[in-house]
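**Q** I'd like to ask you about the structure that follows.
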Amino acid sequence: MAKKHKIRDPYRLTVGKQLAWSGRGMSTASNVLVLTYVTYYCTDMLGMNAVLVGTLLLASKVFDGFTDLVAGVLIDRTKTRLGKARPYEFSIIGVWICTILLYSCPELGDIGKSIWIFTTFTFINSIFATLLYVSEPVYLNRAFKYEDDRSKVVAINGFLITLMCTVVSVIFPILMGTLGTSRGGWTTISLITGIPLCLLGLTRLIGVKEVNTEGDTNAYSPKFKDFLPVLKNKYLRILCVVSILTNIIVNSNSTVGSYYFKYIVGDIKKMSVVGILGLLTPFLLLLMPKLLQKISIRTLFTWSFVIGCIGCIIRYFAGADMSMVVLSTLLQTVAVLPPSYFTLLLLIDIMDYQEWTTGSRTEGMISAVGSFSNKLGSGLSSGGVGLIMGLAGFDGTAAEITAPARASIVALSSWIPLILFIVMILGLRLFDLESKLPQIRDELAERRASKTDASS
Numbered sequence: 002m003a004k005k006h007k008i009r010d011p012y013r014l015t016v017g018k019q020l021a022w023s024g025r026g027m028s029t030a031s032n033v034l035v036l037t038y039v040t041y042y043c044t045d046m047l048g049m050n051a052v053l054v055g056t057l058l059l060a061s062k063v064f065d066g067f068t069d070l071v072a073g074v075l076i077d078r079t080k081t082r083l084g085k086a087r088p089y090e091f092s093i094i095g096v097w098i099c100t101i102l103l104y105s106c107p108e109l110g111d112i113g114k115s116i117w118i119f120t121t122f123t124f125i126n127s128i129f130a131t132l133l134y135v136s137e138p139v140y141l142n143r144a145f146k147y148e149d150d151r152s153k154v155v156a157i158n159g160f161l162i163t164l165m166c167t168v169v170s171v172i173f174p175i176l177m178g179t180l181g182t183s184r185g186g187w188t189t190i191s192l193i194t195g196i197p198l199c200l201l202g203l204t205r206l207i208g209v210k211e212v213n214t215e216g217d218t219n220a221y222s223p224k225f226k227d228f229l230p231v232l233k234n235k236y237l238r239i240l241c242v243v244s245i246l247t248n249i250i251v252n253s254n255s256t257v258g259s260y261y262f263k264y265i266v267g268d269i270k271k272m273s274v275v276g277i278l279g280l281l282t283p284f285l286l287l288l289m290p291k292l293l294q295k296i297s298i299r300t301l302f303t304w305s306f307v308i309g310c311i312g313c314i315i316r317y318f319a320g321a322d323m324s325m326v327v328l329s330t331l332l333q334t335v336a337v338l339p340p341s342y343f344t345l346l347l348l349i350d351i352m353d354y355q356e357w358t359t360g361s362r363t364e365g366m367i368s369a370v371g372s373f374s375n376k377l378g379s380g381l382s383s384g385g386v387g388l389i390m391g392l393a394g395f396d397g398t399a400a401e402i403t404a405p406a407r408a409s410i411v412a413l414s415s416w417i418p419l420i421l422f423i424v425m426i427l428g429l430r431l432f433d434l435e436s437k438l439p440q441i442r443d444e445l446a447e448r449r450a451s452k453t454d455a456s457s
């Protein structure tokens, strides 16, 4: 009797496709982590004033508002052989070249150093990272046809990203403590990390094609004025607030971590202990696709933020006690895992809602607003940390820091993120989109089918 061969669905997720997708995610996430040390590099290696550094990084984010808008419209208008979002994966090369240049500032005066840092940081975030982040939700939706596959992709991608970031968070402080004692050493560090991570970042471009073209029935070419109805989307506004505050917490913790271990704990190399223990957290991501079959993403986010509040309270009382420092770090890390990765799925839901309410999907524009929110949060954290510490009298060249400077480091690690977690918990009470999605998607399917029939 002849054996029956199961026909494989060509749209289904494969191991190779998953790994290829995650390569670029690991590369960009590592870059974000590497960039959290820019304030430390500027103050302790270049001898720049903390307030000046914070102002430069914050001013750099002004360009993001414009470039995100341009990227959103550009992606919505893109029609190439590679697809709509895939061509922009080449930007990962620019990200790492500029990162290496950022940490290779030559001997210049204060003005020259300021221009160098501002220019390279702006190119990384406002141009290359913008194209990558704005295109990612669109790429995810078009590369994976089925919703459960997207959930798995995001979870496994998050798992691998967290593992990679854990590795980087272990290695980077060690490199800082050895090679990073001079300006030239930071160039070496950036080359050691940048070249292999750049090559890793190209795997998504090479291995993942766009296959899901549902929603392409509308031939309308979006214009800048189409951002107005996008910005009126209440669910997008709520998600933007969550994204901004989450990124402030994530990046502030990474930035302040260097200062906390150097000046509060007393040994920056002990950061590696926290990094090693961070290997435990990504395994939680593998459980989330099953968990999301029982609860909504909103519920998952809410309980995560409650855990974050507990972690902040513990950190406030931790001081140099490593057991409390480690516990508080783990709790805060767990708290930001879901919004850091599953926000992409909510953006796709919002695309469906936008198409349902306005008739125009505007994927790139919605992604642009989401991307801007993420980078605004990162910029506010980088700039905010420098401003707060500078106003508290922090001086990276001094032998001892002042009591107000120490208090600012503790505040940035504890009660300030606590307030942000509480704001997000309250904001999510207004996000009820997920309960409406079954009706929305049924009606969208009917509309698309009728358009297809009319054109044939």
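For the sequence shown, the numbering used here gives the first residue as 2, with consecutive numbering after it.
Glycine included, C-beta positions come from ideal geometry on N, C-alpha and C.
1. Would you give the residue range spanned by the alpha helix (DSSP H) that Met474 belongs to?
2. Given that a residue counts as buried once 16 or more other Cβ atoms are within 10 Å of its Cβ, and exposed if not, what is Phe225?
3. When burial is assigned at 16 or more other CB atoms within 10 Å of the CB, is Ala446 buried or exposed?
4. Given that a residue counts as buried once 16 or more other Cβ atoms are within 10 Å of its Cβ, and exposed if not, what is Thr81?
5. My assumption, with CB atoms under 8 angstroms, is that Gly371 sits in contact with Leu348. Please give the rounded CB distance.
6. Rounded to whole angstroms, what's the CA-CA distance from Ala60 to Val54? Just pull it up for me.
7. Alpha carbon to alpha carbon, how far is Asp396 from Glu435? Give it in angstroms, no decimals.
8. Starting from Ser54, trace the alpha helix (DSSP H) both ways and give me its first and last residue.
9. Buried or exposed for Ile19, please, with buried defined as at least 16 other CB atoms from any protein chain shown within 10 angstroms of its CB.
10. Could you compute how far the alpha carbon of Lys291 sits from the alpha carbon of Leu328?
11. What does the alpha-carbon distance come out to for the pair Leu421 and Leu246?
12. With distance defined between alpha-carbon atoms, name the residue in Val243, Ser409 and Tyr342 nearest to Leu458.
13. Quick one: measure Cβ to Cβ for Val251 and Val337, integer angstroms, because I've assumed they're closer than 8 angstroms.
14. Flag this pair as yes or no: are the beta carbons of Tyr89 and Ser136 separated by less than 8 angstroms?
15. Taking the alpha carbon of Val155 as the point to measure from, which residue in Pro138, Phe432 and Leu429 has its own alpha carbon closest?
16. On a Cα-Cα basis, can you pick out the residue from Ile314, Ser23 and Pro223 that is closest to Phe160?
17. Have a look at Thr300 and Phe119 and give me their C-alpha separation to the nearest angstrom.
18. Is the stretch 349-366 touching the stretch 68-75, taking contact as three or more C-beta pairs under 8 angstroms?
19. What did DSSP end up calling Ser38 once you bin it into helix, strand or coil?
20. Quick check on the burial criterion: 16 or more other C-beta atoms within 10 angstroms. Buried or exposed for Arg78?
21. Check for me: the alpha helix (DSSP H) holding Thr1 runs from which residue to which?
22. Select from Met390, Thr358, Ile277 and Gly195 the residue whose C-alpha is nearest the C-alpha of Leu438.
23. In whole angstroms, what separates the C-alpha of Cys199 from that of Cys106?
24. Considering just the uninterrupted stretch of the alpha helix (DSSP H) at Asn142, what are its terminal residues?
25. Looking only at C-alpha atoms, which of Asp69, Asp227 and Thr123 sits nearest to Gly360?
26. Alpha carbon to alpha carbon, what distance is there between Ile296 and Arg430?
27. Quick one: give me the first and last residue of the alpha helix (DSSP H) that Arg205 is part of.
28. Rounded to the nearest angstrom, what separates Leu392 and Arg442 at their Cα positions?
29. Would you kindly work out how many angstroms separate the C-alpha atoms of Asn234 and Met352, rounded to a whole number?
30. Of all the options Gly185, Gly195 and Ser152, which has the alpha carbon lying nearest to the alpha carbon of Val169?
31. Taking 7 angstroms as the cut-off, is the beta-carbon of Thr37 closer than that to any non-hydrogen atom of the ligand NAD?
**A** In short, the structure shows the following:
1. As shown, the chain starts at 2 and ends at 457. That puts residue 474 outside it, with no answer to give.
2. Exposed.
3. By the 10 Å Cβ count, Ala446 comes out exposed.
4. Here Thr81 is exposed: its Cβ has fewer than 16 other Cβ atoms, across all protein chains shown, within 10 Å.
5. Yes, they are in contact, since the Cβ atoms of Gly371 and Leu348 sit about 5 angstroms apart, within 8 angstroms.
6. Straight-line measurement puts the Cα of Val54 at about 10 angstroms from the Cα of Ala60.
7. Glu435 and Asp396 have their C-alpha atoms some 48 angstroms from each other.
8. In the sequence as displayed, the identity of residue 54 is Val instead of Ser. Run containing Val54: Ala51 to Ser61, per the alpha helix (DSSP H) assignment.
9. Looking at the sequence shown, residue 19 is not Ile but Gln. Buried is the call here.
10. So the two alpha carbons sit approximately 26 angstroms from each other.
11. Distance between the alpha carbons of Leu421 and Leu246 is about 6 angstroms.
12. Residue 458 is absent from the model: the chain starts at 2 and stops at 457.
13. Their Cβ separation, rounded to whole angstroms, is 5 angstroms, which keeps Val251 and Val337 in contact under 8 angstroms.
14. Result yes, Cβ atoms of Tyr89 and Ser136 sit closer than 8 angstroms.
15. Of the listed residues, the one whose Cα sits closest to Val155 is Pro138.
16. Shortest Cα-Cα distance from Phe160 to any of Ile314, Ser23 and Pro223 involves Ser23.
17. Looking at the backbone, the Cα of Thr300 and that of Phe119 are separated by about 39 angstroms.
18. The stretch 349-366 vs the stretch 68-75: in contact.
19. Just to set this straight, residue 38 is Tyr in the shown sequence, not Ser. Coil.
20. Around the beta carbon of Arg78, fewer than 16 other beta carbons lie within 10 angstroms, which makes this residue exposed.
21. Since the first and last residues shown for the chain are 2 and 457, residue 1 lies out of range.
22. It is Thr358 whose Cα lies nearest to the Cα of Leu438.
23. Across the structure, Cys199 and Cys106 are spaced so that their CA atoms are roughly 20 angstroms apart.
24. Taken as a continuous stretch (DSSP letters only), the alpha helix (DSSP H) holding Asn142 covers Ala130 to Ala144.
25. A check of alpha carbon separations from Gly360 across Asp69, Asp227 and Thr123 identifies Asp227 as the nearest.
26. When the Cα atoms are used, Arg430 and Ile296 turn out to be separated by approximately 15 angstroms.
27. Taken as a continuous stretch (DSSP letters only), the alpha helix (DSSP H) holding Arg205 covers Thr204 to Gly208.
28. Note on geometry: alpha-carbon atoms of Leu392 and Arg442 lie some 51 angstroms from one another.
29. Rounded to the nearest angstrom, the gap between the Cα atoms of Asn234 and Met352 is 10 angstroms.
30. Among Gly185, Gly195 and Ser152, the Cα nearest to that of Val169 is on Gly195.
31. Ligands in the displayed structure: none, and consequently the ligand NAD is not present.
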